[in-house]
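Below is one structure, written out as structure tokens, with a few remarks after it.
Residue numbers (the UniProt record's numbering): 1 to 249.
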């Protein structure tokens with residue numbers, strides 16, 4: 001009996017150690033982007049080069065870095081500490097327009113592709129609090145998956161400037177969509193647009209992923225994916241990106 005009890009205690013101790021090790025490893029890895037930007041890119045920019053980032057912009061308070069996952073995939077990251085889509089900082093009046101900065105940075109994808117990529121095949125994406133791996137806000141800049149592109153083309157004429165369910169699922173998930181009333185992402189900040197909707201629903205923005213693309217007519221289109229914290233859909237909008245940029249071939 002004592003032997004069995006010792007084995008149970010030893011097993012429990014091993015499990016606790018593994019959980020603690022996993023926690024600290026995840027905590028370190030979830031700060032990887034933040035550490036790269038603040039410990040490498042910003043100091044390097046002060047010496048004249050943003051490496052390993054593509055760019056560091058003091059005006060927009062952001063850095064642009066190439067994501068190692070895929071040839072056509074960049075990330076825009078604030079140079080100030082902002083955890084993610086749920087951060088109250090993003091609702092402040094004076095906060096930099098990070099979506100506007102990310103949209104402006106799309107030209108780097110064209111440089112990588114060696115040709116100008118049409119705006120309507122591009123997408124910006126921010127995952128929900130529960131679908132991300134990094135605890136620093138980052139906006140994915142890449143191309144749309146062909147099937148998502150086709151669905152949005154088919155549904156485009158049914159969409160208005162009010163949030164409404166998209167008529168077809170994207171990647172097997174239900175999305176909300178709305179057209180922006182202007183082309184100015186500084187005035188129509190996507191984070192604030194989604195927050196206003198979420199508050200009217202009595203919901204939490206933590207649950208939502210947010211994406212932006214453009215219709216063939218040039219209208220900016222927001223997409224939101226409401227996830228469930230412990231469900232199969234956790235609010236990822238990066239599921240819409242195709243880092244191979246198949247549509248550009």
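Here a beta-carbon is modelled for each residue, glycine too, at the ideal position from N, C-alpha and C.
- Taking one beta carbon from each stretch, the stretch 167-183 and the stretch 103-112 have fewer than 3 pairs nearer than 8 Å; the two do not touch.
- The way I'd put it, the stretch 143-155 doesn't touch the stretch 124-132; fewer than three beta-carbon pairs between them come closer than 8 Å.
- DSSP places residue 206 in the helix class (H, G or I) of the three-state scheme.
- Within the DSSP bridge table, the entry for residue 164 names 177 as partners.
- For residue 194, the uninterrupted alpha helix (DSSP H) segment begins and ends at 190-200.
- Taking C-beta atoms as the reference points, residue 167 and residue 215 fail to come closer than 8 Å.
- In this chain, residue 78 is not harboured by any alpha helix (DSSP H); it is covered by the beta strand (DSSP E) spanning 74-78.
- Proximity of the stretch 234-245 to the stretch 180-200 falls short of the contact definition, fewer than three beta-carbon pairs being nearer than 8 Å.
- Restricting attention to 49, 77, 69 and 57, the CA atom closest to the CA of residue 35 is found in 77.
- At a Cβ-Cβ threshold of 8 Å, residue 75 and residue 65 count as neighbours.
- In this structure, DSSP gives residue 225 an extended state, which the three-state scheme calls strand.
- Bounds of any alpha helix (DSSP H) do not take in residue 138, whose DSSP letter is neither H nor E.
- Residue 221 places its beta carbon 8 Å or farther from that of residue 117.
- Taking the CA atoms as reference points, residue 88 sits about 10 Å from residue 195.
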